[in-house]
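Worksheet for the structure shown next.
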Amino acid sequence: MGQSYPLSDDHRHTRGKDILGGDDIARSLTRIAFEIIERNQGAENLVIAGIPTRGAVLARRLVQRIREVGGLNTDLAIIDTTMYRDDLADHPLRTPHPTEIPPAGIDGRTVVLVDDVLYTGRTIKAALDALSGIGRPAAVQLAVLVDRGHRELPIRPDFVGKNLPTSRQETVTILLEETDGRDGVLLGRND
Numbered sequence: 001m002g003q004s005y006p007l008s009d010d011h012r013h014t015r016g017k018d019i020l021g022g023d024d025i026a027r028s029l030t031r032i033a034f035e036i037i038e039r040n041q042g043a044e045n046l047v048i049a050g051i052p053t054r055g056a057v058l059a060r061r062l063v064q065r066i067r068e069v070g071g072l073n074t075d076l077a078i079i080d081t082t083m084y085r086d087d088l089a090d091h092p093l094r095t096p097h098p099t100e101i102p103p104a105g106i107d108g109r110t111v112v113l114v115d116d117v118l119y120t121g122r123t124i125k126a127a128l129d130a131l132s133g134i135g136r137p138a139a140v141q142l143a144v145l146v147d148r149g150h151r152e153l154p155i156r157p158d159f160v161g162k163n164l165p166t167s168r169q170e171t172v173t174i175l176l177e178e179t180d181g182r183d184g185v186l187l188g189r190n191d
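Taking the UniProt record's numbering, the leading residue of the sequence shown gets 1, the next gets one more, and so forth.
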C-alpha cells in the first residue's frame with residue numbers, strides 16, 4: 001500500500017495510492033458472491049448484470065464465483081447505459097457497448113446490477129432506465145466494488161466491496177486485469 005504505479009493507456013494521466021490490491025478485490029468479490037446467494041436464498045433465478053466497462057468485468061467474475069459454489073443457473077447480462085445517461089450533452093462521444101441479455105430474459109427474475117464505483121448514482125439510474133426497456137425483473141439489487149459517497153440521487157447499494165469515503169477533489173480508479181493489466185483500487189487527487 002501507498003505506492004503509485006504507471007497505468008494503462010486508459011488511465012495514463014491518473015496516479016494514486018493503492019487502497020486495494022488484487023487479493024483484496026478477489027476477497028471482496030467472493031464475499032459479495034456469498035452475500036448475493038444468502039440474500040436471495042440461493043442462486044436460482046439470478047441475473048448478474050454488469051455495466052460496461054469495468055462493471056461488466058466484475059459481473060463476469062461474480063457469475064463465475066456464484067457458479068463455482070452451485071449457482072449453475074445464474075446468468076450474465078451486460079447493460080449498456082450510454083443512451084440513458086443524463087450527461088450526453090456534456091459527453092456526446094461515448095461509445096455504446098452491446099447490451100447482452102440471457103436467452104431466458106430478465107422478466108420475473110432477480111437482477112443484480114454490478115458497477116465498479118458508486119459515486120453520484122447517475123450511472124445506476126441510467127442502468128435502471130435501460131432495464132425498464134428490456135423487461136420487468138422481480139427485483140433489482142446493486143453490487144459495487146467501491147462506494148465512495150457523494151450521492152446525488154437516492155440510490156444505495158445492497159452489496160459493497162469497500163466503503164471509501166472521499167472528497168470531491170479525490171479520484172477513485174479501478175484497475176482490472178482484463179482491461180488494465182492488473183487488479184487494484186487507487187485513490188488520487190484531481191489536480
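Glycine included, every Cβ here is placed at the ideal spot set by N, Cα and C.
Take I101, set aside five residues on each side of it, and the residues of its chain with a beta-carbon closer than 7 angstroms to its own are A77 and I134, in chain order.
Scanning E152, Y119, V112 and D158 for the CA closest to the CA of A138 turns up V112. In its chain, beyond the 5 residues on either side, V185 and L187 have a beta carbon closer than 6 angstroms to the beta carbon of I19. Secondary structure at T74: coil, using DSSP grouped into helix, strand and coil.
For L128, the enclosing alpha helix (DSSP H) begins and ends at R122 to S132. Annotated three-state conformation of T99 is coil, per DSSP.
Put simply, the backbone Cα of A33 is about 28 angstroms away from that of Y84. Assignment of alpha helix (DSSP H) within the stretch 6–65, counting only whole runs of 4 or more residues, yields 22–39 in chain order.
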